[in-house]
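Novice: Going by my numbering, the first residue of the sequence shown is number 1, and it counts up by one from there.
The structure's right below; bear with me while I get my questions together.
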Amino acid sequence: CLRPSWPPTHSNYINMRPTTILILAILLSCCATLGDCRLEPSLPSSPSRRPQSKMVASLKNGLASGLSAGCVKLVLAPFDTVKTLQQHSRSLDGEKALTLGAAARELLKRGGVGELYSGVAVTVLGSMPSVGLYFGVYHFCKKKGAEYLERNDAASAPLAKTANIALAAAIGNTVASFTRVPYEVVKQKLQTGQYPSTLSAITSMYAAEGFQAFFPKGGVAVQMIRDIPYAVYTLMAYEWFQANWAQQGNGRGQEVPRWKNMVCGAAAGGIGSLFTNPMDVVKTRIQTNPSQFMGIMHCARATLQDEGAAAFMKGSVPRLMHKVPANGLFFVCYEFFRLLLRVEPVAGLESEKKSLKIKSTS
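Structure, rendered in structure tokens:
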């Protein structure tokens, strides 16, 4: 049995150092933003305290969501790295598919514990603005959709409200995909061992193909094909669990316990993850080896012909191990950063939490 070396060697220390830098960067950014802010509950505005504007509250909510997404990516990075390696590997001519344990051992053999965090720096730094952009687009589209439903006397229809949420999430993911692809491409090339460091990956890729290297053929489209269905499936599942379990037995107007919201989010994330795993396999292969495939359909056909239908479920176990706890972890981090930033409640913003939790795990 292959075990990681401890204490870390010099090379392992170098691989792990970006993680430490990121943690310090997140803490410093919080301190710079908060100033003399103290950890105390947000209170309603009073005559002696100037109330926050909607724009300030929205920006703080966006910052809280971005920081929370960064924390989730940081904590659960090893599962994502193992998943990528499993999906990247091809089992041709009857070869046995790379298992979760074998993938983890290969990573540890390659560079020790720090190799499990390959690409974590670019992932965390890239995910924060991506989530912030999604939040802004989603909130704007959902608000405009709600106004349209009110004008047409359909605001109270459950199906119309759910469709509005799903459409807003789809538009938000479409826009955010353009900012997500570059860091996803770099991250996955680092996870599969194609480059030794983030700087080396960026400079080498740019020298070889220019900006096109960060937007491989089909890269944006396959990102949307994975992320949009994931958001819609997860939102629909979340709504179903809320209506058929979490809210059962609650009095009218009674708030659902937080632990039930976390369970609903975790279960919904698991369902969305399973349903979209085939698209995730295609996305990983196109973004890590774009020269091998002529497009999305060619990659899907080649995978089916060479490895069979089972290949589309590669990496599903570590992906579930990443997605299921990510929803609950994001909920905890998001509430913590909102408390830290002293965000005052704003009408219409509280309903965004479930979408933000779902978005953080995509």
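Glycine included, every Cβ here is placed at the ideal spot set by N, Cα and C.
Fair warning: this is a prediction, and the values are worked out from it, not measured in the lab.
1) Here's the rule I'm using: 16 or more other beta-carbon atoms within 10 Å means buried, otherwise exposed. How should Q254 be labelled?
2) Where Y334 and A302 are concerned, what is the direct C-alpha to C-alpha distance, given to the nearest angstrom?
3) Label R319 either buried or exposed according to how many other C-beta atoms from any shown protein chain fall within 10 Å of its C-beta, with 16 as the threshold for buried.
4) In its own chain, which residues sit with a C-beta less than 6 Å from the C-beta of Q86, not counting the 5 before and 5 after it?
5) Over what stretch of residues does the alpha helix (DSSP H) that includes E239 continue unbroken?
6) Please state whether the Cβ-Cβ distance between V186 and G269 is less than 9 Å.
7) In or out: L63 buried (at least 16 other Cβ within 10 Å) or exposed?
8) I'd like the ranges of any alpha helix (DSSP H) spanning at least 4 consecutive residues and lying wholly in the stretch 79 to 141.
9) CA-CA distance, F241 and F337?
10) Does S291 pass the burial test, meaning 16 or more other C-beta atoms within 10 Å, or should it be called exposed?
11) Smallest Cα separation from V173: which of Y230, Q188, T162 and M297?
12) Does at least one heavy atom of the ligand ATP sit under 8 Å from the Cβ of A103?
13) What are the boundary residues of the alpha helix (DSSP H) that includes V256?
14) Can you tell me whether T81 is buried or exposed? The criterion is at least 16 other CB atoms within 10 Å of its CB, across all chains shown.
15) Mapping DSSP to helix, strand and coil, what is A157?
16) Alpha carbon to alpha carbon, how far is A208 from M236? Give it in angstroms, no decimals.
17) Near V232, which residues of its chain fall below 7 Å by C-beta distance, leaving aside the five closest residues on each side in sequence?
18) Flag this pair as yes or no: are the beta carbons of H88 and Q188 separated by less than 9 Å?
19) Which same chain residues, not among the five before or five after A246, have their C-beta less than 6 Å away from its C-beta?
20) Are the beta-carbon atoms belonging to S118 and G112 less than 9 Å from one another?
21) From which residue to which residue does the alpha helix (DSSP H) around A326 run?
22) Kindly give me the distance between the Cβ atoms of V281 and G219, rounded to whole angstroms, as I take these residues to be in contact under 8 Å.
23) List the whole-angstrom C-beta distance separating M262 from G328, where the pair is believed to meet the contact cut-off of C-beta under 8 Å.
24) Straight-line CA distance for F312 to G295?
25) With distances taken between CB atoms, is the gap from L92 to V120 smaller than 9 Å?
26) DSSP state of Q194, grouped into three classes?
27) Pull up the distance between the alpha-carbon of S204 and that of K217, whole angstroms please.
28) For G145 and L116, I'd like the C-alpha separation in whole angstroms.
29) Quick check on F211: does DSSP put it in helix, strand or coil?
30) Cα-Cα, which of A77, L149 and A266 is closest to Q191?
31) Could you check how far apart the C-beta atoms of A201 and Y134 are, in whole angstroms? I think they sit under 8 Å.
32) Where P47 and Q287 are concerned, what is the direct C-alpha to C-alpha distance, given to the nearest angstrom?
33) Measuring only the C-alpha atoms, how far is L125 from L199?
34) Just mark V72 as buried or exposed, buried being the case when its beta carbon has 16 or more other beta carbons within 10 Å.
Specialist: Reading off the structure:
1) Counting the other Cβ atoms within 10 Å of the Cβ of Q254 gives fewer than 16, which makes it exposed.
2) Counting only the Cα atoms, A302 lies some 41 Å from Y334.
3) Result: buried.
4) The residues are L98, A103, K314 and G315.
5) Per DSSP, E239 belongs to the alpha helix (DSSP H) from G219 to F241.
6) Result no, Cβ atoms of V186 and G269 do not sit closer than 9 Å.
7) By the C-beta density criterion, L63 is buried, having at least 16 other C-beta atoms within 10 angstroms.
8) Segments of the alpha helix (DSSP H) lying fully in the stretch 79 to 141: 100 to 111.
9) When rounded, the distance between both Cα atoms is 26 Å.
10) Label assigned to S291: exposed.
11) Inspection of the sequence shows that residue 173 is occupied by Asn rather than by Val. Answer by Cα proximity: Y230.
12) For the ligand ATP, the structure offers nothing, since it holds no ligand at all.
13) Taken as a continuous stretch (DSSP letters only), V256 belongs to no alpha helix (DSSP H), as it is neither H nor E.
14) By the 10 Å Cβ count, T81 comes out buried.
15) Of the three classes helix, strand and coil, the one that applies to A157 here is coil, per DSSP.
16) Between M236 and A208, the C-alpha separation is close to 43 Å.
17) In chain order, A166, A169 and A170 place their CB closer than 7 Å to the CB of V232, counting only its own chain and leaving out the 5 sequence neighbours on each side.
18) Yes, Cβ-Cβ distance for H88 and Q188 is below 9 Å.
19) Result list for A246: V256, K260 and C264, in chain order.
20) No, the Cβ-Cβ distance between S118 and G112 is not below 9 Å.
21) It spans S316 to L340 - the alpha helix (DSSP H) in which A326 sits, taken as one unbroken run.
22) In this structure, V281 and G219 do not form a Cβ contact; the two beta carbons are roughly 15 Å apart against a cut-off of 8 Å.
23) Yes, M262 and G328 are in contact; Cβ-Cβ is about 4 Å, under 8 Å.
24) The alpha-carbon atoms of F312 and G295 are separated by roughly 16 Å.
25) Taking C-beta atoms as the reference points, L92 and V120 fail to come closer than 9 Å.
26) DSSP places Q194 in coil when its eight states are reduced to three.
27) In this structure, the CA atom of S204 is about 18 Å from the CA atom of K217.
28) One C-alpha to the other measures close to 42 Å.
29) Looking at F211 - three-state DSSP - the assignment turns out to be helix.
30) The candidate whose alpha carbon is nearest that of Q191 is A77.
31) Actually they do not touch by this definition, with Cβ atoms about 25 Å apart.
32) Any reading at P47 must be qualified, since the residue scores a pLDDT of 48, below 50, and its modelled position is unreliable; the value itself is stated next. Approximately 55 Å, taken between the alpha carbons.
33) Distance from the CA atom of L125 to the CA atom of L199, rounded to whole angstroms, is 14 Å.
34) Of the residues assessed, V72 falls on the buried side of the cut-off, its CB having 16 or more other CB atoms within 10 angstroms.
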